[in-house]
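J.: So that we are looking at the same thing, I have put the structure below in C-alpha coordinates.
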Amino acid sequence: MKHFSFILLAVILMSGTQQATAQSKKKSSGGSSSGYSTGIGLRGGGYSSGLTIKHFMSGKNGVALEALVTTEYKARGARLTLLGEKHKAISDIKGLQFYYGAGFHAGAYQGRYYFDDVRYYRVHKKDVYVYRDYRYDDATYVAVGADLILGLEYKLEDLPFVVGVDYKPFFEVFHGYTGFYNDAAISLRFTL
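Given below as C-alpha coordinates:
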(Lines of atoms letter the chains of each structure in order from A and count residues from 1; the text may use other names and numbers.)
(Lines give C-alpha, C1' and ligand atoms only; values in the text may rest on other atoms or scores of the structure.)
Protein backbone atom coordinates (compact mmCIF):
# COMPACT_ATOMS: atom_id res chain seq x y z
CA MET A 1 0.00 0.00 0.00
CA LYS A 2 2.94 2.36 0.64
CA HIS A 3 4.14 1.78 -2.92
CA PHE A 4 0.66 2.59 -4.30
CA SER A 5 0.48 5.82 -2.23
CA PHE A 6 3.88 6.92 -3.56
CA ILE A 7 2.81 6.33 -7.18
CA LEU A 8 -0.48 8.20 -6.62
CA LEU A 9 1.45 11.18 -5.22
CA ALA A 10 3.78 11.13 -8.24
CA VAL A 11 0.82 11.16 -10.65
CA ILE A 12 -0.75 14.13 -8.83
CA LEU A 13 2.53 16.08 -8.87
CA MET A 14 3.08 15.27 -12.52
CA SER A 15 -0.41 16.50 -13.42
CA GLY A 16 0.30 19.84 -11.73
CA THR A 17 3.52 20.42 -13.66
CA GLN A 18 1.94 19.39 -16.97
CA GLN A 19 -0.85 21.92 -16.43
CA ALA A 20 1.61 24.77 -15.83
CA THR A 21 3.63 24.06 -18.98
CA ALA A 22 0.75 23.30 -21.35
CA GLN A 23 -1.76 26.10 -20.78
CA SER A 24 -1.40 27.59 -24.26
CA LYS A 25 -1.98 24.36 -26.23
CA LYS A 26 -5.30 23.82 -27.95
CA LYS A 27 -7.25 20.78 -26.76
CA SER A 28 -8.12 18.26 -29.46
CA SER A 29 -11.47 16.67 -28.84
CA GLY A 30 -10.96 13.33 -30.59
CA GLY A 31 -14.71 12.67 -30.60
CA SER A 32 -15.17 13.21 -26.86
CA SER A 33 -14.57 15.77 -24.15
CA SER A 34 -11.64 13.68 -22.88
CA GLY A 35 -9.20 14.75 -25.58
CA TYR A 36 -8.98 11.29 -27.18
CA SER A 37 -11.31 8.66 -28.62
CA THR A 38 -9.51 5.35 -27.91
CA GLY A 39 -6.73 4.39 -25.54
CA ILE A 40 -4.84 1.08 -25.32
CA GLY A 41 -2.38 0.26 -22.56
CA LEU A 42 -1.49 -1.52 -19.34
CA ARG A 43 -3.19 -1.53 -15.94
CA GLY A 44 -1.15 -2.56 -12.89
CA GLY A 45 -2.69 -2.86 -9.47
CA GLY A 46 -2.74 -4.39 -6.06
CA TYR A 47 -4.96 -7.36 -6.89
CA SER A 48 -4.70 -7.86 -10.65
CA SER A 49 -2.90 -6.50 -13.71
CA GLY A 50 -3.28 -6.67 -17.46
CA LEU A 51 -4.41 -4.98 -20.64
CA THR A 52 -6.89 -2.05 -20.76
CA ILE A 53 -8.75 -0.67 -23.77
CA LYS A 54 -11.02 2.38 -23.39
CA HIS A 55 -13.20 3.77 -26.18
CA PHE A 56 -15.42 6.86 -25.98
CA MET A 57 -18.79 6.71 -27.63
CA SER A 58 -19.55 9.30 -30.33
CA GLY A 59 -20.62 12.74 -29.19
CA LYS A 60 -19.32 14.83 -26.32
CA ASN A 61 -21.29 13.20 -23.51
CA GLY A 62 -18.25 11.62 -21.81
CA VAL A 63 -19.52 8.02 -21.99
CA ALA A 64 -16.85 5.36 -22.51
CA LEU A 65 -16.63 1.59 -22.65
CA GLU A 66 -13.59 -0.05 -21.07
CA ALA A 67 -12.44 -3.64 -21.44
CA LEU A 68 -9.88 -5.17 -19.08
CA VAL A 69 -8.09 -8.48 -19.64
CA THR A 70 -6.36 -9.19 -16.34
CA THR A 71 -4.94 -11.93 -14.20
CA GLU A 72 -4.31 -12.15 -10.47
CA TYR A 73 -0.72 -12.35 -9.31
CA LYS A 74 -0.94 -15.84 -7.78
CA ALA A 75 -3.55 -17.30 -10.15
CA ARG A 76 -3.17 -19.23 -13.37
CA GLY A 77 -5.93 -17.91 -15.60
CA ALA A 78 -7.53 -14.68 -16.76
CA ARG A 79 -10.55 -12.45 -16.31
CA LEU A 80 -12.40 -10.31 -18.89
CA THR A 81 -14.10 -7.21 -17.43
CA LEU A 82 -16.45 -4.90 -19.35
CA LEU A 83 -17.27 -1.50 -17.84
CA GLY A 84 -19.49 1.42 -18.82
CA GLU A 85 -18.08 4.72 -17.55
CA LYS A 86 -19.20 8.34 -17.31
CA HIS A 87 -16.40 10.95 -17.46
CA LYS A 88 -16.63 14.47 -16.06
CA ALA A 89 -13.96 17.11 -16.65
CA ILE A 90 -12.44 18.85 -13.65
CA SER A 91 -12.57 22.50 -14.71
CA ASP A 92 -9.57 23.73 -12.70
CA ILE A 93 -7.04 21.40 -14.36
CA LYS A 94 -7.09 21.00 -18.13
CA GLY A 95 -6.92 17.33 -19.17
CA LEU A 96 -7.91 15.91 -15.76
CA GLN A 97 -11.16 13.92 -15.54
CA PHE A 98 -13.09 12.12 -12.84
CA TYR A 99 -15.02 9.01 -13.88
CA TYR A 100 -17.33 6.39 -12.40
CA GLY A 101 -19.10 3.36 -13.75
CA ALA A 102 -20.18 -0.25 -13.41
CA GLY A 103 -19.91 -3.51 -15.29
CA PHE A 104 -19.37 -7.24 -15.03
CA HIS A 105 -16.63 -9.81 -15.45
CA ALA A 106 -16.08 -13.49 -16.24
CA GLY A 107 -12.96 -15.60 -16.03
CA ALA A 108 -11.42 -18.94 -15.24
CA TYR A 109 -8.59 -19.88 -12.90
CA GLN A 110 -6.69 -23.07 -12.29
CA GLY A 111 -5.91 -23.54 -8.64
CA ARG A 112 -7.10 -21.67 -5.58
CA TYR A 113 -5.45 -20.61 -2.35
CA TYR A 114 -7.62 -20.67 0.74
CA PHE A 115 -7.61 -21.00 4.52
CA ASP A 116 -9.43 -23.58 6.58
CA ASP A 117 -11.43 -22.55 9.64
CA VAL A 118 -10.19 -21.05 12.87
CA ARG A 119 -11.79 -22.91 15.77
CA TYR A 120 -11.87 -22.10 19.47
CA TYR A 121 -12.45 -24.74 22.13
CA ARG A 122 -12.55 -24.64 25.91
CA VAL A 123 -11.20 -27.90 27.35
CA HIS A 124 -10.81 -28.40 31.11
CA LYS A 125 -10.73 -24.65 31.80
CA LYS A 126 -8.03 -24.09 29.19
CA ASP A 127 -8.40 -22.22 25.93
CA VAL A 128 -7.49 -24.27 22.85
CA TYR A 129 -7.23 -22.69 19.40
CA VAL A 130 -6.99 -24.49 16.08
CA TYR A 131 -5.33 -22.11 13.64
CA ARG A 132 -5.91 -21.63 9.94
CA ASP A 133 -4.38 -24.12 7.59
CA TYR A 134 -3.12 -22.61 4.32
CA ARG A 135 -4.11 -24.84 1.41
CA TYR A 136 -3.99 -25.00 -2.36
CA ASP A 137 -6.02 -27.06 -4.78
CA ASP A 138 -5.43 -27.55 -8.50
CA ALA A 139 -9.00 -27.56 -9.87
CA THR A 140 -10.25 -25.13 -12.53
CA TYR A 141 -12.78 -22.56 -11.32
CA VAL A 142 -15.06 -20.38 -13.44
CA ALA A 143 -15.68 -16.98 -11.84
CA VAL A 144 -18.34 -14.37 -12.65
CA GLY A 145 -19.19 -11.13 -10.91
CA ALA A 146 -20.15 -7.46 -10.86
CA ASP A 147 -17.78 -4.48 -10.76
CA LEU A 148 -17.85 -0.80 -9.82
CA ILE A 149 -15.16 1.74 -10.73
CA LEU A 150 -14.12 5.22 -9.59
CA GLY A 151 -11.11 6.97 -11.02
CA LEU A 152 -9.11 9.95 -12.18
CA GLU A 153 -7.27 10.19 -15.46
CA TYR A 154 -5.03 12.81 -16.96
CA LYS A 155 -4.47 13.27 -20.70
CA LEU A 156 -0.88 14.43 -21.20
CA GLU A 157 -1.01 17.58 -23.31
CA ASP A 158 2.18 17.12 -25.34
CA LEU A 159 2.25 13.32 -25.54
CA PRO A 160 -0.27 10.74 -26.82
CA PHE A 161 -0.69 9.14 -23.37
CA VAL A 162 -3.27 9.04 -20.61
CA VAL A 163 -2.28 8.29 -17.01
CA GLY A 164 -5.05 7.07 -14.73
CA VAL A 165 -5.61 5.83 -11.22
CA ASP A 166 -8.74 3.93 -10.20
CA TYR A 167 -10.46 2.03 -7.41
CA LYS A 168 -12.46 -1.00 -8.62
CA PRO A 169 -14.31 -3.03 -5.98
CA PHE A 170 -15.94 -6.21 -7.26
CA PHE A 171 -18.17 -9.05 -6.13
CA GLU A 172 -17.35 -12.52 -7.39
CA VAL A 173 -18.96 -15.96 -7.39
CA PHE A 174 -16.76 -19.01 -8.03
CA HIS A 175 -17.45 -22.70 -7.41
CA GLY A 176 -20.16 -22.01 -4.84
CA TYR A 177 -18.09 -19.42 -2.97
CA THR A 178 -18.67 -15.67 -2.95
CA GLY A 179 -16.31 -12.86 -2.19
CA PHE A 180 -16.03 -9.08 -2.18
CA TYR A 181 -12.64 -7.73 -3.24
CA ASN A 182 -11.03 -4.29 -3.42
CA ASP A 183 -8.77 -3.52 -6.35
CA ALA A 184 -6.89 -0.30 -7.10
CA ALA A 185 -4.60 0.30 -10.04
CA ILE A 186 -2.62 2.70 -12.17
CA SER A 187 -3.11 2.72 -15.94
CA LEU A 188 -1.03 4.05 -18.79
CA ARG A 189 -2.72 4.14 -22.21
CA PHE A 190 -1.49 5.15 -25.65
CA THR A 191 -4.19 7.30 -27.27
CA LEU A 192 -5.37 7.01 -30.87
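For the sequence shown, the positions run -20 to -1, 1 to 172 when mature numbering (1 follows the signal peptide of the UniProt record, and there is no 0) is used. Here a beta-carbon is modelled for each residue, glycine too, at the ideal position from N, C-alpha and C.
Please tell me whether Phe160 and Phe154 are closer than 8 angstroms, where the distance is taken between their beta carbons.
T.: By one-based count along the sequence shown, residue 160 stands at place 180. By one-based count along the sequence shown, residue 154 stands at place 174. Cβ atoms of Phe160 and Phe154: not closer than 8 angstroms.
J.: Check for me: the beta strand (DSSP E) holding Ser28 runs from which residue to which?
T.: Residue numbering aside, residue 28 sits at position 48 when the sequence shown is read from its first letter. Its beta strand (DSSP E) spans residues 28 to 36.
J.: Given that a residue counts as buried once 16 or more other Cβ atoms are within 10 Å of its Cβ, and exposed if not, what is Gly25?
T.: The residue labelled residue 25 in the question sits at position 45 within the sequence shown. Counting Cβ neighbours within 10 Å, Gly25 comes out buried, since at least 16 surround it.
J.: Judging by CA-CA distance, which residue of Tyr147, Ser28, His35 is the nearest neighbour of Glu52?
T.: Residue 52 sits at position 72 when you count from the first residue of the sequence shown. When each option's Cα is compared against that of Glu52, the closest is Ser28.
J.: When burial is assigned at 16 or more other CB atoms within 10 Å of the CB, is Gly39 buried or exposed?
T.: Here residue 39 refers to the residue found at position 59 when the sequence shown is read from its first residue. Flag for Gly39 reads exposed.
J.: Please confirm whether Ala88 and Ala123 have their CB atoms less than 8 angstroms apart.
T.: Residue numbering aside, residue 88 sits at position 108 when the sequence shown is read from its first letter. Residue numbering aside, residue 123 sits at position 143 when the sequence shown is read from its first letter. Less than 8 angstroms separates the beta-carbon of Ala88 from that of Ala123.
J.: Could you tell me which residues DSSP puts in a beta bridge with Tyr121?
T.: Here residue 121 is taken as the residue at index 141 of the sequence shown, counted from 1. According to DSSP, residue pairing for Tyr121 in a beta bridge involves Tyr89.
J.: With a threshold of 7 angstroms on Cβ separation, who are the neighbours of Leu76 within its own chain once the five nearest residues in sequence on each side are excluded?
T.: For the purposes of this step, residue 76 is taken as residue 96 along the sequence shown, with counting starting at 1. Result list for Leu76: Ser(-6), Ile70, Leu132, Tyr134, in chain order.
J.: Going by C-alpha to C-alpha distance, which of Val145, Arg169, Asp107 sits closest to Leu139?
T.: For this step, residue 139 is matched to residue 159 along the sequence shown. The shortest Cα separation from Leu139 among Val145, Arg169, Asp107 belongs to Arg169.
J.: Could you tell me which residues DSSP puts in a beta bridge with Ala82?
T.: Residue numbering aside, residue 82 sits at position 102 when the sequence shown is read from its first letter. DSSP output for Ala82 lists Gly64, Leu128 as bridge partner(s).
J.: At what residues does the beta strand (DSSP E) containing Ala44 begin and finish?
T.: Mapped onto the sequence shown, residue 44 falls at position 64. It spans 43 to 52 - the beta strand (DSSP E) in which Ala44 sits, taken as one unbroken run.
J.: My output table needs one value for Ser167: the three-state DSSP class, helix, strand or coil.
T.: Locating residue 167 in the sequence shown gives position 187, where the first residue counts as 1. When secondary structure is reduced to three states using DSSP, Ser167 falls in the strand class.
J.: What is the residue span of the beta strand (DSSP E) that Gly75 lies within?
T.: The sequence position of residue 75 within the sequence shown is 95, counting from 1. It is not in any beta strand (DSSP E) - Gly75 carries neither H nor E in the DSSP assignment.
J.: Check whether the Cβ atoms of Thr171 and Val142 lie closer than 8 angstroms to each other.
T.: The residue labelled residue 171 in the question sits at position 191 within the sequence shown. The residue labelled residue 142 in the question sits at position 162 within the sequence shown. Against a cut-off of 8 angstroms, the Cβ pair of Val142 and Thr171 comes out as a contact.
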